[in-house]
Every structure is written in structure tokens, then in C-alpha cells.
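Protein chains: 2
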Amino acid sequence: MKAEIIAVGSELLLGQIANTNAKFISRQLSELGIDVYYHTVVGDNAARLKEAIRVAENRADCIIFSGGLGPTKDDLTKETIAAHLGVELTLDKKALEFIEEYFTKHGREMTENNRKQALVLEGSHVLVNDNGMAPGMLLERGSYTYILLPGPPKELEPMFQHEAKPYLAKKLGKGSKIISHVLRFYGIGEAELEVRLQDLLDEQTNPTLAPLAADGEVTLRITAKADTEEAAWTMINEKKEEVLAIVGEYCYGVDDDSLPSKLVDMLVKNNLTIAAAESLTAGLFQATLAEIPGVGTALAGGVVTYTEQAKIEQLGISVEIIKEHSVVSSECAAAMAFNVREKFGTEIGVGLTGAAGPDAHGSEPAGTVWIGISIGQEPPLTYLLQLSGSRNTNRLRTVKFTCSYLMRNLIEKGYKN
Amino acid sequence: MKAEIIAVGSELLLGQIANTNAKFISRQLSELGIDVYYHTVVGDNAARLKEAIRVAENRADCIIFSGGLGPTKDDLTKETIAAHLGVELTLDKKALEFIEEYFTKHGREMTENNRKQALVLEGSHVLVNDNGMAPGMLLERGSYTYILLPGPPKELEPMFQHEAKPYLAKKLGKGSKIISHVLRFYGIGEAELEVRLQDLLDEQTNPTLAPLAADGEVTLRITAKADTEEAAWTMINEKKEEVLAIVGEYCYGVDDDSLPSKLVDMLVKNNLTIAAAESLTAGLFQATLAEIPGVGTALAGGVVTYTEQAKIEQLGISVEIIKEHSVVSSECAAAMAFNVREKFGTEIGVGLTGAAGPDAHGSEPAGTVWIGISIGQEPPLTYLLQLSGSRNTNRLRTVKFTCSYLMRNLIEKGYKN
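From first to last, the protein sequence lines stand for chains E and X. At position 363 of the first sequence the residue is numbered 363 (full-length UniProt numbering), and the sequence of numbers has no breaks. At position 221 of the second sequence the residue is numbered 221 (full-length UniProt numbering), and the sequence of numbers has no breaks.
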């Protein structure tokens, strides 16, 4: 099966958003072993969309559309496909009920144009939208499979994963399976990882190994092709062991793991509680931990002390520390971590202070960050970061480094990983 | 002039990266008034790239390529174009010198395959690469303009801006200008916005109006085409006034504005200080405000009270309120807002409490959120949200609604907008 992805939306051609849907769908299709030879982006224009469909039908047999299923007049994907294929649009009662419920639930009145979203291609299999109103569609016609997905990623992604992907997997039968497994590293650069894995990278055929750097992390994607899923996984696991024997100390997780999710896992597993005092991150560390369901037993809370006054009054940081060392200092980070732990009565306290940028803080250049970690009654540990990103990159990196340093400390202390 | 952008790279078709180059180039072209009707992505495969070029030549006269100019064997963009057009590749001496210098400068030895990067299409204008080794090219051939750019955004972007864009602007002469201006709305759905703007949408020709929903907001893009930038802006501003006369109450900003950036603007402009007490958002509201440089004079800080105990001990929420109304209640949100304002001595206090999900909080279903706003000594105001997204969507929406409600309150109280 050869697939082509057609994204519909003038906002893409005007450069207002990037085509992240094609990235998502491509990745999913590659897991299924379906080749994607082209992506096309076309605007909200029926004639040009028709032309794109004609071109795609010459080079693919599975055509996946994203966008243009909404209630407004410039949403014309299904109308254009209907005209192109000579198929009627019919009202889907379940979809209409769902849309009506959506409005009732949100206490808003349903306008007439929203009914348009319940129109589907006759003979299509309707794909449920759990995160929006426009249903998706899947239509088999001659040797072609047409899949219509809504544009917003938060609607498209679960719909593809829960509805379209299983359908395609079933249709493919027991063909060759491609499985990918991602190892996640922190504290090592892409170039260094590559040097240390050079022999493995040179000899790779199947499984393949692909290092990629993103957001301060490095990932290594191991992809195996085999006749069965089991066989692919055996190959992946063997290669994984070889990799971890070399750079295992930097590997913090796999696949959809994140540093915060692994940290929360560890905290919950070890019955540890945590509190944080945040300055430059202003709550981002705690907010990031709180993305993980189940964090409630570990995260007590904390304080955001954005100003000097708040550090003194709300957290009891001594005026002397600030005068002598400034708020961007090891001493201040240590005191923040220690005091917030005492204040909230938790096992762990974290203190984050620094100059996020764009401005320096006194003599401390932008990107200077101190991380304080206080575990029990032991003297707090502190770490200095010298970051060189933008204000918000620096804040995000600070959160990631904090997770990483804290986990390493806990592992060294013998807590369960 | 009609342009098509062809991105070359199998990593795009495998979903490893998104085609952000097309976004960048499109935005630049729209500023020049050049219409982009299609984006195409194709892998590192000569036959399929040729097919993409043939298709593009049928529907565009300016074809812009990104990627495939590097030293490795799978970099074949210029080779394929050379074969397609029957043009030779010749060694560009300046490019070769530049590459040799690059290696000397970085203290690395130049491998033979790097010479390949100095081969350019005969008769082309060579585009200097200030951030990498592969030069770009610009070739006029019959009625077509072919522009070849390197794949890495940090090489492509300056090359396009400094070399290709001025060339195209000159070629266009004083042609038509296309300017887009985005109005941003909150608290109104896309469908409702469209109904209320129906007459304007029906009669649109130039400027055009395009509504778009994303992340709980609705935007309306006004795009005008005129001979000069000034004339385009006059048309946009006239249309904008018509739009705002109808739905102005929901419009919170334009272009790159965000709800948090507008709120921070307002706080700074009016010399107001703010503190927040956060439960379900766990610091996300404060962290979001802190993304905006200059927030330091407005944001004092706040507390994250994730547990009941923290609400009682750290914020002085009375046990009676919690017992009688639970922590997910108007009363609790009001007390959190009031108490954190008093505690931090700010003009404004915000209290956020709710069930982010996936689990309900007692009898309160997931997505039930109370926002408390305390301004000065007046009784706090509270707002109920019934959200239906995922845990993190609900937390993000809560932050956006908080910004929106707080701004409306401040505007009603006569603060400068």
C-alpha cells in the first residue's frame, strides 16, 4: 500500500502553521509499514483540491486528507471529494446527536452551520471524534482508500490512532511489520552519543539506528522489520541491550516517557513527597509534574517567589544571603530548596533561581541558573547551569535538568527506579 | 507569479520532522504577494522527485526546493534538476574555497564527498550560505524560476531572506502586495463568529476573511491585495472596523498577541501586581505569565496548593469551607484568590481549583473548574468552567479563561487596555 497525505488549508500555504499533521500521520504509517511517497498541501479551493486528488490517485492508493471538515464555508474537503467521486453527502444521525450534545454540554446554542459537520460521504465508515465535533470518514472506492480527518491535531491524532490505524492494520493483514522503539537520553549530546555508538551505527542494517536531537534530549530510534511483531521485538531488544551496554547511564526512558513522567513514577513508587520554590521558572516545574495523572500523592505544592520580597517574606530567605550572594546563587537555591521542604513538610524540596533572559541579573548573564535539591535533613545540593537559549527555552531546560539531577540523586541513594 | 514549494527529504515522509521550511518560505512569499498554491514533500528518490517537478511545472512558474544539497549520496536535488533540465553541474570555485575554509575554521579535515557540495547548476546564480557549506542556487529557464535552498532551517532562512527574497522582489517589480492581519477572539466559537459575520463573509472579495479555530481560540485572518503596502493596510483597517463593530467584545488581540501577553501588557501598563494560588494548574498560570519578558514588575508570585493540607496550612483556607463545599467550589476558589492576594500584598489575586481529570473529584466530574478573582478589597468573583478536554487541555484552557476573565474585569473597572 502506498499512501499520500493531502493537508487542506490556506493557513498552511500562507505559512501561518506548519503541517505537523503530515508528520504525525507519516510516523504512524511507517509503524504500519505503509510507504508514504508524497505529502501535498493545498488551500481551501475546490478546483485545486480536485487537482491534488487527481495527482495523488496517480501515485498512491491510500489518500489521507487532513482539515476542511469544519462548519464554515471554506471547509470543503468532503464536498470536493463527494463531487470528484460522484458520491452523495448524507446526514449522519449519530454525528448530529453528538454535535447537539456537545453544544448542550458546553451550554452554548448550536448554530445552523454546525449541522453541516454531520454530513458524511455516503457509504463511508464514520470515524468518531472524541475531541471535537467534525466526524472523520473512511471510504473504500475501487482500489482506493480515502481517509478524511479533521485538521486540529488534538482531534486528528486520537482519531487516527483509535480508528484509522486499526482499520489499516487489519486491511494489511499479516504483511511485514515495522516496529520502532525509542530510547531517550539526557546529559549527553548527539555527537558524543554517535561517537560512542559508532561501531553499531556503521554496521546497522536491520534493525536500523537513528539518533536525533530535540529539545535538549537525544533519542535513538531502533527500527526493526520482520514478518511478525514478535520477531521484530526480539531484534529490537537484542540491539537495545548492545546500546545500553555502552551508553546506558544516560538513558532515562523509552518511547513516550518524559523526564517528568519518569520522575513522578519514581516519587510515587518510593512514597516520596515533593515541594518546590520557583523563581525563574515561576511554577513551571510544578506545573510540569502536574501534567502526569497520579502526581497527587507526591506533589504537595510549593511557592512561586518571583520577586526578592517574595523570597524573603514568603520563604524566609535571609536578607544576608541575598545581599552577599544575590538571588542568583548557589546559596539562595539551597535555601529555597531547604525552606520549601520544611514549610511543606515533604521529603524533597527543590529551589530554582536564575536569570532566564533576555536580560542579565546584575553580574550574572542571562542563562545562569542555580538548581537546589534538598532531600531530608542532609545539606542541600546545588547545580549550576549556563544555558544559552531564549528565555523560555532556558526555563524549559531548567525543568528538565532538575528532573534529571533529582532522579540521579535518588538512584544514588538507593531509591527504586 | 505562482509558486510551489518542494521539500526533499525522506525524514519528512517518515514523520521525523515537520516541514517548517515550507511554513517559513510561504510566509515570506505571501509578504511579497506571491501566491503559493501547493506544497509538496518528496523523499530522497530521483524518479519521484522528477515526477514532483513535472507536476509542479504544470501549476506553478516559481519552484522552490528545500533540502538535498548536502554531501551524502542521498542528497540528489541538484543532480535530479540537472538531469531533468538537461543542464550540467559545474564546480563553483568560490563555493569550494568557502567549504575548504569552513573545515579549516572548525579544525576538521575535509572529506572528499564535501567537494560535491561545490557543484552548481550551470548558468545559475549561486546563493551564499552563511551558516553551512552547501550553497543555494537560483536558475531562470524558459518561463520558470528554480530556487534551490539547503534543508537546515538555520541555513535556509537567512539565505532566503538575504538572497532569494530580494531577487524575487526585484523580479516582480512594483507588483501587487498581499498583507495579512489576524484578529484574535476568545469566548466565542468559530461557528458563532461566522454566523455573526455572515454578511461580511458572503460579500468578501478583497480583502478576504478566513476564520480559524485553534487551541480554544478563534482567529479571523483579513488578507488584502493592493499595489502598495499602504493601500493594503487601508483596506485591512476598514474591514477590521466593520468586524469589530459586530464582534469586538470577543476580540482580545491581533497577530502574534496571546491572552497572557495581553494580560501582562495590561498589568504593567496599569501598575498592577498579581499573585496566584493554584491547585489543578499547579503553577501553570504563573509560569505562563512568566513567559513574557517584563512580567517582573507585575508578578509577585504565589502558591501551589496541590493538596487539601497545603490549602489549609499554606493558604489558610478554612476547614469549614472544604468540609461544606469541597475544594472544587466557588467558595474555595474565592478564598484562594482573596487569601493569596492578602498574603502577597498585591492588587490582584487569582485562585484556581478544579478536577483536571482524568478522574472526577468526588461528585464533581473531570473538567469542573472554579476560577476566583480578587481585586482589591471587593468581594471576589468566581467563574465556573465545565471543560471536556484531556487533563492537560483542561489545565491550559483554565489558564486562558483566567486571562480572559481577568482582562474583562479590569476593562470594566476602567483600567487602560
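Positions of the beta carbon are idealized from the N, C-alpha and C atoms, including for glycine. Since the model is a prediction, treat every value here as computed from it, not as a measurement.
| message | If you follow the alpha helix (DSSP H) that residue 325 (chain E) is in, where does it begin and where does it stop? | response | Numbered from 1 along the first sequence, position 325 holds the residue referred to as residue 325 (chain E). Start and end: 319-325.
| message | I need the straight-line Cα distance from residue 250 (chain X) to residue 394 (chain X), nearest angstrom please. | response | As a position in the second sequence, residue 250 (chain X) is number 250, starting the count at 1. As a position in the second sequence, residue 394 (chain X) is number 394, starting the count at 1. So the alpha carbons of these two residues sit roughly 21 Å apart.
| task | Compare the C-alpha of residue 295 (chain X) against each of X:275, X:305 and X:268 and name the closest. | result | The residue labelled residue 295 (chain X) in the question sits at position 295 within the second sequence. The shortest C-alpha separation from residue 295 (chain X) is found at X:268.
| Partner residues on chain X for residue 348 (chain E), Cβ-Cβ distance less than 9 Å | By one-based count along the first sequence, residue 348 (chain E) stands at place 348. Residues of chain X whose Cβ lies closer than 9 Å to the Cβ of residue 348 (chain E) do not exist, since the nearest Cβ in that chain is about 14 Å away.
| request: Taking 7 Å as the cut-off, decide whether the C-beta atoms of residue 315 (chain X) and residue 303 (chain X) are in contact. | output: Position 315 of the second sequence holds residue 315 (chain X). Position 303 of the second sequence holds residue 303 (chain X). Result yes, Cβ atoms of residue 315 (chain X) and residue 303 (chain X) sit closer than 7 Å.
| task | Use the C-beta contact count for residue 44 (chain X): other C-beta atoms within 10 angstroms, 16 or more gives buried, fewer gives exposed. | result | The residue you call residue 44 (chain X) lines up with position 44 of the second sequence. Buried, because 16 or more other Cβ atoms sit within 10 Å of the Cβ of residue 44 (chain X).
| Backbone CA spacing between residue 193 (chain X) and residue 218 (chain X) [nearest angstrom] | Counted from its first residue, the second sequence places residue 193 (chain X) at position 193. Counted from its first residue, the second sequence places residue 218 (chain X) at position 218. Roughly 8 Å separates the two Cα atoms.
| field | Where residue 30 (chain X) meets chain E, residues with beta-carbon distance less than 7 Å | value | The count along the second sequence starts at 1 and reaches residue 30 (chain X) at position 30. 14 and 15, listed in chain order.
| said: Strictly below 9 Å CB to CB, what residues from chain X border residue 310 (chain E)? | reply: As a first step, residue 310 (chain E) is located in the first sequence; it is residue number 310 there, counting from the start. Here the neighbours are 275, 300, 301, 302 and 344.
| message | Check this for me: beta carbons of residue 382 (chain E) and residue 279 (chain E), under 7 Å apart or not? | response | Locating residue 382 (chain E) in the first sequence gives position 382, counting from the first residue. Locating residue 279 (chain E) in the first sequence gives position 279, counting from the first residue. No, they are not a contact pair.
| task | Please determine if the region 401-415 of chain E and the region 129-147 of chain X are in contact, where contact requires at least 3 C-beta pairs separated by less than 8 Å. | result | The region 129-147 of chain X and the region 401-415 of chain E do not touch, with fewer than three beta-carbon pairs separated by less than 8 Å.
| query | With 7 Å set as the bound, which would you pick, yes or no: does the beta-carbon of residue 39 (chain E) sit closer than that to a beta-carbon of chain X? | reply | Counted from its first residue, the first sequence places residue 39 (chain E) at position 39. Put simply, the CB of residue 39 (chain E) is near chain X, with a gap under 7 Å to one of its CB atoms.
| Using a Cβ-Cβ distance under 7 Å, would residue 23 (chain X) count as near chain E? | In the second sequence, counting from the first residue as 1, residue 23 (chain X) sits at position 23. Yes, its Cβ sits closer than 7 Å to a Cβ of chain E.
| query | Is residue 188 (chain X) helix, strand or coil by DSSP? | reply | In the second sequence, residue 188 (chain X) corresponds to position 188, counting from 1. Residue state, collapsed to three classes: coil.
| said: Buried or exposed for residue 205 (chain E), going by 16 or more other Cβ atoms inside 10 Å? | reply: Start at 1 with the first residue of the first sequence, and residue 205 (chain E) comes out as number 205. Residue 205 (chain E) should be labelled exposed.
| Proximity of residue 236 (chain X) and residue 261 (chain X) at Cβ, strictly below 7 Å | The count along the second sequence starts at 1 and reaches residue 236 (chain X) at position 236. The count along the second sequence starts at 1 and reaches residue 261 (chain X) at position 261. No. Outside cutoff.
| request: Express the C-alpha separation of residue 157 (chain X) and residue 101 (chain X) in angstroms, rounding to a whole number. | output: By 1-based counting over the second sequence, the position of residue 101 (chain X) is 101. By 1-based counting over the second sequence, the position of residue 157 (chain X) is 157. Distance between the alpha carbons of residue 101 (chain X) and residue 157 (chain X) is about 22 Å.
| query | Since residue 263 (chain E) and residue 403 (chain E) are thought to touch, with beta carbons under 8 Å apart, how far apart are those beta carbons, to the nearest angstrom? | reply | For the purposes of this step, residue 263 (chain E) is taken as residue 263 along the first sequence, with counting starting at 1. For the purposes of this step, residue 403 (chain E) is taken as residue 403 along the first sequence, with counting starting at 1. With a Cβ gap of about 5 Å, residue 263 (chain E) and residue 403 (chain E) count as contacting.
| So with Cβ pairs under 7 Å, would you call residue 455 (chain X) a contact of chain E? | In the structure as shown, chain X begins at 1 and stops at 417. Residue 455 (chain X) is therefore absent and cannot be evaluated.
| field | Reference residue 9 (chain X), options X:207, X:54 and X:70, closest by Cα | value | For the purposes of this step, residue 9 (chain X) is taken as residue 9 along the second sequence, with counting starting at 1. Residue X:70 is the option with its Cα nearest to residue 9 (chain X).
| said: Buried or exposed, going by whether 16 or more other CB atoms sit within 10 Å of the CB of residue 289 (chain E)? | reply: In the first sequence, the residue the question calls residue 289 (chain E) occupies position 289. Classification for residue 289 (chain E): buried.
| field | Cross-chain neighbours of residue 73 (chain E) in chain X, by beta carbon under 9 Å | value | Along the first sequence, one-based indexing puts residue 73 (chain E) at 73. Near residue 73 (chain E) (Cβ distances below 9 Å), the residues of chain X are 194, 201 and 202.
| What are the uninterrupted segments assigned as beta strand (DSSP E) that are 3 or more residues long and contained completely in the region 181-247 of chain E, given in chain order? | When DSSP assignments are scanned along the region 181-247 of chain E, the uninterrupted stretches of beta strand (DSSP E) that are 3 or more residues long and fall wholly within it turn out to be 208-214 and 217-226.
| task | Look up residue 405 (chain X) in the DSSP assignment and say whether it is helix, strand or coil. | result | The residue labelled residue 405 (chain X) in the question sits at position 405 within the second sequence. Helix, per DSSP.
| task | May I ask you to report which of helix, strand or coil DSSP gives residue 250 (chain E)? | result | Indexing the first sequence from 1 puts residue 250 (chain E) at position 250. It is helical.
| said: So with CB distances below 7 Å, who are the chain E contacts of residue 287 (chain X)? | reply: By 1-based counting over the second sequence, the position of residue 287 (chain X) is 287. Near residue 287 (chain X) (Cβ distances below 7 Å), the residues of chain E are 281, 282, 283, 284 and 287.
| message | Taking the straight line between their C-alpha atoms, what separation do you get for residue 67 (chain E) and residue 148 (chain E)? | response | Here residue 67 (chain E) is taken as the residue at index 67 of the first sequence, counted from 1. Here residue 148 (chain E) is taken as the residue at index 148 of the first sequence, counted from 1. Approximately 8 Å between the Cα atoms of the pair.
| Which listed residue (E:333, E:387 and E:391) has its alpha carbon closest to that of residue 428 (chain E) | Only positions 1 to 417 of chain E appear in this structure, which leaves residue 428 (chain E) out of reach.
| request: Determine the DSSP secondary structure at residue 174 (chain E), reduced to helix, strand or coil. | output: Working through the first sequence from its first residue, we reach residue 174 (chain E) at position 174. With a pLDDT of 47 at residue 174 (chain E), under the threshold of 50, the modelled position of this residue cannot be trusted, and the question is left open.
| query | Does DSSP put residue 259 (chain E) in a helix, a strand or coil? | reply | If you number the first sequence from 1, residue 259 (chain E) lands on position 259. Here residue 259 (chain E) sits in helix by DSSP.
| query | Given residue 418 (chain X), which residues of its chain have a CB within under 7 Å of its CB, disregarding the five upstream and five downstream residues? | reply | What is shown of chain X runs 1 to 417, which leaves residue 418 (chain X) out entirely.
| Of all Cβ atoms in chain X, is any one closer than 7 Å to the Cβ of residue 54 (chain E)? | Position 54 of the first sequence, counted from the first residue, corresponds to residue 54 (chain E). Using a Cβ-Cβ cut-off of 7 Å, residue 54 (chain E) does not count as an interface residue toward chain X, since no Cβ of chain X sits closer than that to its own.
| request: Given a cut-off of 7 Å, decide if residue 282 (chain E) and residue 340 (chain E) are closer than it, judged by their beta-carbon atoms. | output: Start at 1 with the first residue of the first sequence, and residue 340 (chain E) comes out as number 340. Start at 1 with the first residue of the first sequence, and residue 282 (chain E) comes out as number 282. In this structure, residue 340 (chain E) lies away from residue 282 (chain E), with their beta-carbon atoms at least 7 Å apart.
| task | Can you check DSSP and say which residues form a bridge with residue 66 (chain E)? | result | In the first sequence, the residue the question calls residue 66 (chain E) occupies position 66. According to DSSP, which records beta bridges pairwise, residue 66 (chain E) is partnered with E:7 and E:149.
| query | Is any beta-carbon of chain X found at less than 7 Å from that of residue 2 (chain E)? | reply | Looking up residue 2 (chain E) in the first sequence gives position 2. It does not; no Cβ of chain X falls within 7 Å.
| said: According to DSSP, simplified to helix, strand and coil, what is residue 417 (chain X)? | reply: Indexing the second sequence from 1 puts residue 417 (chain X) at position 417. In the three-state DSSP reduction, residue 417 (chain X) falls in the coil class, being neither helix nor strand.
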